[in-house]
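Residue numbers (my numbering): 1153 to 1422. For each residue, glycine too, the CB sits at the ideal point set by N, CA and C.
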Amino acid sequence: MKAPGLLHNNRPLRSAAWAVLPWIVPVLVLLLWHYVSTHGLVSARLFPPPTAVLQTLAELFSSGELWRHISVSFGRAAAGFALGAGLGLILGLLSGLSKTGERLLDTSLQMLRAVPPLALVPLAIMWFGIDETTRVFLIAFATLFPVYLNTYHGIRSLDSGLIEMARNYGLQGWPLIRDVILPGAVPSILVGIRYALSVAWIVLIVAETISASAGVGYLAMTAREFLQTEVVVLSILLYAALGKSTDSAARWLERRWLKWHPSYQREALA
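Below you can see the structure in the form of structure tokens.
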């Protein structure tokens, strides 16, 4: 059996290894990408090496063009996500807390959920034109359903015995929802939010090809017309980085808001 001091001394090494572990696969992919694009296995014109993409990143960064496109894309994604997730949360609460609300709303929402968001592009253009409203609408429509389903599921999967015990202690109405139901449903709601964030970026990629004048998608479409492959690859990497950053922010909120949850306590001790 190891002495406690040895276990304590090994903890920094274990923490460092744990922090490096998620980056092993991306680094290996980067090295493979560099090898195949610089040793003639694929055409550098069709698949530029990482150094060319990095040089393009530096040029766009120094000119200020990069931040302009990123800020526009982030604003669109944030607006659509806020509308869709907010509406999904409200509808999920109505369906999850009330049998009448479920009977009234769930069937209609399940039919709408079967409609691909991109199938609404022609209709959205006829409704709103080709301005920002169309792009925000498509993102909001796509992000509504993950939040709705996870909110509904989180409420309905609560232990009925726990709710009955709370009622026996005198909790009714809003206090019951605030102190028992919502805390129990928060883990499921946050899963829906994380999934909706990824969906927002996926839909944004297509939405920004609809007569946009700025944004990462516009940057990629313009580069395609001029056969600037390195800019197209950079745009894809920017979407990946933006998606990962928002997901990391959501995970940080999970750890902060769910300190009381046994699963997150075990994660903190690992």
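- Residue environment for Gly1216: exposed (fewer than 16 other C-beta atoms within 10 angstroms of its C-beta).
- Within a 10 Å sphere around the beta-carbon of Glu1211 sit fewer than 16 other beta-carbons, which makes this residue exposed.
- In this structure, the CA atom of Val1177 is about 44 Å from the CA atom of Trp1279.
- Gln1207 carries a helical assignment under DSSP once its states are collapsed to helix, strand and coil.
- Listed in chain order, the alpha helix (DSSP H) elements of length 4 or more contained wholly in the segment 1350-1409 are 1368-1377 and 1381-1409.
- In its chain, beyond the 5 residues on either side, Ala1229, Tyr1391, Leu1394, Gly1395 and Thr1398 have a beta carbon closer than 8 Å to the beta carbon of Trp1353.
- Each residue's CA atom was taken as its position, placing Arg1319 and Val1383 some 60 Å apart.
- Straight through space, the alpha carbons of Ser1167 and Ser1189 are spaced by roughly 35 Å.
- The residue from Ala1402, Glu1377 and Met1373 with its alpha-carbon nearest to that of Ile1388 is Met1373.
- Here DSSP, grouped into helix, strand and coil, assigns Asp1283 to coil.
- Burial state of Val1299 is buried, judged by a 10 Å Cβ sphere holding 16 or more other Cβ atoms.
- The residues Gly1395 and Asp1399, in chain order, have a CB closer than 8 Å to that of Ser1350 in the same chain once the five nearest residues on each side in sequence are set aside.
- From the listed residues Thr1286, Pro1202 and Ser1260, the smallest Cα separation to Leu1183 is found for Pro1202.
- Between the C-alpha atoms of Val1338 and Gly1253 there is a straight-line separation of about 20 Å.
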